[in-house]
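**Student:**
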Amino acid sequence: MSSGQFAPQNGAGDSFVNGPSQNAVYPLNPGFMAPPPQPGYISSVPAKGLPAGPQSCYNTHRHQPSPVGTPSPLPASPNHRPVLPGPPQASPTPPPHANSHYQHTQQPSSWSSTAAVFQSTAAPPALNVMAPHQTFGPPPAAMRGTPPLTVPPPTVAPPPFAAVPPPSTVVPPPRAGVPPPSAVAPPPFAAIPPTSTVVPPPRAGVPPTSAVAPPPFAAVPPPPAGAHSDAGPYHPGQMNRPVGSGYPSLQPGYSTAQVHTPPVGQIHPPGQIQHSSMGQIHPTAQIPPPSAGQFHPAGQMPPSAQQTGLSPSLAALSLQSHTPEALRVLNLLQERSLLPHTPVTPPLPCLPQDLQKMNCSPEVFRCTLTSIPQTQALLNKAKLPLGLLLHPFKDLSQLPVVTSSNIVRCRSCRTYINPFVTFMGPTKWKCNLCHRVNEVPEEFMYNPVSKSYGAPHKRPEVQNATIEFIAPSEYMLRPPQPAVYLFVLDVSHNAVETGYLDAVCRSLLDNLSSLPGDARTKIGFITFDSTIHFYSLQEGLSRPQMLIVSDIDDVFLPTQDGLLVNLNECKELVQDLLSSLPQMWRQTMETHSALGPALQAAFKLLSATGGRVSLFQTQLPTLGIGALRPREQPSTKTQAKDVQHLSPATDFYKKLALDCSGQHVAVDLFLLSAQYCDLSSLGCISRYSAGSVFYYPSYHTLHNPAQTERFQKDLKRYLTRKIGFEAVMRIRCTKGLSIHTFHGNFFVRSTDLLSLANVNPDAGFALQMNIEENLLDLQTVSFQAALLYTSSKGERRIRVHTLCLPVVNSLSDIFAGADVQAITALLASMAVDRSVTASVSDARDALVNAAVDMLSSYRSSVLTVPQPGLLAPACLRLFPLYILALLKHKAFGTSSSTRLDERMFCMCQLKQQPLAYAMLSIHPSLYRVDDLTDEGALNVNDCTIPQPRVQQLSVEKLSRDAAFLMDCGSVLYLWIGRNCNPAFLTQVLGVDGYAHLPPSMTQLPELDTAESCRMRAFVDWLRERRPFHPLLHVIRDESPLKAEFLQLMIEDRSESALSYYEFLLHLQQQSSK
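Take the sequence shown: its letter number 1007 is residue 1040 in my numbering, and every next letter is one higher.
1) Tell me the rounded alpha-carbon separation between A1090 and A876.
2) Check this for me: beta carbons of D584 and S525, under 8 Å apart or not?
3) May I ask which residues mark the beginning and end of the alpha helix (DSSP H) holding P906?
4) Could you tell me if Y1094 is buried or exposed, where buried requires 16 or more neighbouring beta carbons within 10 angstroms of its beta carbon?
5) Decide if S201 is buried, meaning its Cβ has at least 16 other Cβ atoms within 10 Å, or exposed.
6) Spatial neighbours of A528 within its chain, please: C-beta separation below 6 Å, excluding the five flanking residues on both sides.
7) With distances taken Cα to Cα, identify the nearest neighbour of C1046 among R553, V962 and F848.
8) According to the neighbour-count rule (16 or more other Cβ atoms, all chains shown, within 10 Å of its Cβ), is K427 buried or exposed?
9) Distance check for S1033 and S1072, CA to CA, integer angstroms please.
10) If we count the other Cβ atoms within 10 Å of its Cβ and call it buried at 16 or more, is H1029 buried or exposed?
11) Please name the residue in N544, A970, P654 and H468 whose C-alpha comes closest to that of T767.
12) Does the Cβ of P241 have 16 or more other Cβ atoms within 10 Å, making it buried, or fewer, making it exposed?
13) If the criterion is Cβ atoms closer than 8 Å, does the pair L860 and P418 meet it?
14) Pop quiz: L1097 and P979 are said to be a contact at Cβ under 8 Å. What is the actual Cβ separation, rounded to whole angstroms?
15) Whole angstroms is fine: what's the gap from Q666's alpha carbon to L432's?
16) Grouping DSSP H, G and I as helix and E and B as strand, with all else coil, what is L889?
17) Return the CA-CA distance between Y533 and L679, expressed in angstroms with no decimal places.
18) Would DSSP call I585 helix, strand or coil?
19) Which residue spans inside the region 382-411 form an unbroken alpha helix (DSSP H) run of at least 4?
20) Is it the case that the Cβ atoms of C717 and K687 are separated by a distance below 8 Å?
21) Would you kindly report the start and end of the unbroken beta strand (DSSP E) that includes Y950?
22) Tell me the residue span of the alpha helix (DSSP H) that contains R941.
23) Can you check which of these residues, R832, V814 and S824, is closest to L839 by C-alpha distance?
24) Suppose you measure from the CA of F925 to the CA of A536; what does that come to, to the nearest Å?
25) Rounded C-beta distance between F477 and P489? I'm assuming under 8 Å.
26) Give the DSSP bridge partners of I556, in chain order.
27) Can you find a CB in chain C that lies within less than 8 Å of the CB of T927?
28) State whether the region 952-961 contacts the region 997-1010, with contact taken as three or more CB pairs (one from each stretch) at a distance under 8 Å.
29) Under three-state DSSP, which class holds V814?
30) Using CA coordinates, which residue listed in Q1102, D1085 and D551 is at the minimum distance from V517?
31) Which of the three DSSP states is assigned to Q652 in this structure?
32) So for S346, helix, strand or coil by DSSP?
33) Need the endpoints of the beta strand (DSSP E) that W1054 sits in, please.
34) Would DSSP call Y732 helix, strand or coil?
35) With DSSP as the reference, label F502 as helix, strand or coil.
36) Please state whether the Cβ-Cβ distance between V761 and S722 is less than 8 Å.
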């Protein structure tokens, strides 16, 4: 799809396209639209779509090929039916990669022919931080005159030695590029054991390897020229992860996995996968560069060399006798136990240990590739996406806070000083993004932690990748705004009948004192049906006064005073209003909803101060501007190609959201309805104003008590969570890299600046990147996100996150550093944009293309010896499974039972949730919980948390003799087998037998048994790891939720989707073309 087909971005209507800004807030902005985007990340040509079959969701008009041949008969199970072959079709050639251009998030990104990047997971690096929220002040006056400490300049490590001298007295003939043996003293071979085995020296973080008997050196031929053009350095991290156990029975075509073990004498250097003859030695890795911010005087070896006891030339030589775990070759058609027993963790970048300790936590800042390619051509060849995922305002238990009148930044690119800069002596530092050399201010020489002078590299700013500054006055365009909260409530007959108004008012009364703010906090209320109702809470009134505006075509404020009041001064009037609102509207018979005029009134009320609008809506708007008509046809069964109305029906809500963003007003939407409300249109008010969307289908206080409980718990979290006002976030990257697409809820003010009227700790963001200039001269690159916001206490603060990653020049290193979960989450955001701008079927085809292209690239460019089967590196072994999970996700699934609003809400969640929460909705976690023990349990706050193994999402794993808990992020399902152990039913659920289980059980009883304590501790631990409260449903065989539970079994075949094994066969057929 060409860039010309995209809708206007960061503005609505023709007036915002490629012209001067129509927003009075930013009159100097030359326009809202950047240069046209690149052709896309994934080919728009539906070349590798899924096969069509009976009752299939796949587009049969595309003549998509079926899996290879006809799969062998699967076991007699309703979830494993054979797929029918479709007509074959050749795969069209994807379009060539074009130069990238910046693209706003509001304009969904197009996808090119390259495929997705995934990342394996290892233990995340510990964030090196100070005491919780420790504040550092300026140096005392007495210390400022102390002479600075003289630090020797850094030196460059010597080049790596080309080869290890043979353990014999025969001097090998000289070779090009290798100094004579006398030039470098070889390691003493007398230390080698007489058994002729070579024991590699221990290295930090690498487990000891077994002794390997090398062949005679003279018999080892040199590596053939061009044998592996992509060979390059790779320093493996600690990536030893347990792998899931095998299935009780194997499907046809599956066999026991064979672990590849190199023959004796064969040495595989890190970063390469070789299948050559025994005894061949390949080039090894280069010496890592000196750590940024540290100094190695001339003649002094780096720490890695000192630890190993080798000379600098040999310090980086790898003596591992096996392929790194991340690059272990797996045949996915033979592996049935790919899912780790524990939750997947992100991989570690291959950095020196001192830098790794200071790197940003992957919970906050994460890249799809932990090894950055040197060139765009290399990235294109890898068929992996390059992007970042951010959780910038995450709640942190430890956050160093610095108070300084002079925040040190690069004079050229304005990067904040960070742990990855290089100090060029005691008074200069080199920026790690633009490489400019800057002066170190005199006050920065004082260290507030050690109370010493002369060690700027030990300052908190240079020791912590995540840090927060209390900003001085030059970071303020106006005095910091107060915390302002405006609640806009639907009081039509449909709204009151659901009972939500009682729940909202009761929750507000309970949490009124917990709203974030200070003595300046303001609050206001608006209700609406066919008219707009304001409430005057002016000090001096004996009771709240309601003011009605019936002219919804020309909304105005009935008074300038009393509509927004100081919470502390008028708290009694606010409590009186909240107590009387439900009773005031209990008998209303008005059925119309004038939502658009109510939002206009809210904007007029908050435009002078900024703040947060909390909007509660229960039906489709029917009156005034912004009125909508039903677009969903529930009686018509639709397939993926027929899913329509994902784009807004009107641009009113987008235009109003842009106006709100300009005045620092964010709108959070709570949608509570069993009817169609056109979330595709209403969601724009939150998306473009940096708000949030909450959806509670079929909400009713009496008929759906579980949904009511969830709403009340979520509302409490929403009212009391941390909030930042009038925020902006800028993302910077090393020179040579560029950002071209953002994902999330915000307004894009410039190519790297996001305007966030409000920022909350539950919001996530993603962005896509290109390599505009070759990174040949760089060994690391850095990314920095700086969030400037006003706290609820009225402080202007800057939270800075910095991430450092190595640069590599080989495809094997790129694949080894792929983050499978980060890639999946980025592809999900891209697929949402594709669904809205094109169609759901196009997005599904693009997701399949991502998996096919990755597997094809790995087979053709990384593997040196052809092998049969569907081959993938261990770090990306879960990628096809995650792609299949996305295809079955409600956002992209083809079930005719998925309502349009529900589908759109799932898309909103994929765009606005942080990675950890989004992955649970994509691929739930399944645990067996009827046999919980304390073995391997966690100890959290003196509480023992059992850690059951993660099971595969297949009915094969279910047993009628057991109980299983499925964690889907927003909901928990506890499935009880018909023959479950009676002791579990009695000691955990408090019932005498299976027949006595309540049909709709949503709570675990508090019983005085060890089994009950373990079960409740595990469920509570899962709930505490996410911001909002997931419901718990206890499911029996007769439960209506059983079908929804079984539908989440990703690996089984559903009504219109392939099983995991059939999907692998399809990928094998497409990738082998």
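Where is the CB? At the ideal position from N, CA and C, for every residue including glycine.
Since the structure is predicted, the reported quantities are computational estimates derived from the model, not experimental observations.
**Tutor:** To lay it out plainly:
1) If I take the Cα positions, the gap works out to 15 Å.
2) No. Outside cutoff.
3) Judged by DSSP secondary structure, P906 falls outside any alpha helix (DSSP H) and instead within the beta strand (DSSP E) spanning L904 to P906.
4) By the neighbour-count criterion, in which a residue is buried when 16 or more other Cβ atoms sit within 10 angstroms of its Cβ, Y1094 is buried.
5) A caution first: S201 carries a pLDDT of 41, below 50, which makes its placement in the model unreliable, though a value can still be read off. S201 should be labelled exposed.
6) Excluding sequence neighbours, A528 sits near T651.
7) Across the set R553, V962 and F848, the C-alpha of V962 shows the shortest separation from the C-alpha of C1046.
8) Burial call: buried.
9) The alpha-carbon atoms of S1072 and S1033 are separated by roughly 8 Å.
10) H1029 should be labelled exposed.
11) Residue nearest to T767 within the set N544, A970, P654 and H468 is H468 (criterion: CA-CA distance).
12) In this prediction, P241 has a pLDDT of 44, which is less than 50 and means its spatial position is unreliable; nothing more can be read from the coordinates.
13) Going by C-beta atoms, L860 is nearer than 8 Å to P418.
14) At roughly 33 Å, the Cβ-Cβ gap does not stay under 8 Å, so L1097 and P979 are not in contact.
15) For Q666 and L432, the distance between alpha carbons rounds to 51 Å.
16) A quick correction: the sequence has Ser, not Leu, at residue 889. Residue state for S889 is assigned as helix, using DSSP reduced to three classes.
17) Going from the Cα of Y533 to the Cα of L679 covers about 27 Å.
18) Coil at I585, not helix or strand.
19) The region 382-411 contains these whole alpha helix (DSSP H) runs: 386-391.
20) Taking a C-beta distance under 8 Å as the contact criterion, C717 and K687 qualify as a contact pair.
21) Premise fails: Y950 lies in the alpha helix (DSSP H), L948 to I955, not in any beta strand (DSSP E).
22) The residue asked about is misnamed: residue 941 is Cys in this sequence, not Arg. Here the alpha helix (DSSP H) through C941 covers L933 to Q945.
23) The identity of residue 839 in the sequence shown is Pro, whereas the question assumes Leu. It is V814 whose Cα lies nearest to the Cα of P839.
24) Those two C-alpha atoms are separated by around 33 Å.
25) Contact flag correct, Cβ pair sits at about 5 Å.
26) As a beta-bridge residue in DSSP terms, I556 pairs with Y518 and V598.
27) Within the model displayed, chain C is absent; a lone protein chain is all it includes.
28) A contact exists between the region 952-961 and the region 997-1010.
29) Strand, per DSSP.
30) That would be D551, whose Cα lies nearest to the Cα of V517.
31) Residue state, collapsed to three classes: coil.
32) Confidence at S346 is low in this model, with a pLDDT of 32, below 50, so its placement is unreliable and the value that follows should be read with caution. S346 falls in the helix class under three-state DSSP.
33) No beta strand (DSSP E) holds W1054; the alpha helix (DSSP H) holding it covers A1043 to E1057.
34) Of the three classes helix, strand and coil, the one that applies to Y732 here is coil, per DSSP.
35) In this structure, DSSP gives F502 an extended state, which the three-state scheme calls strand.
36) Result no, Cβ atoms of V761 and S722 do not sit closer than 8 Å.
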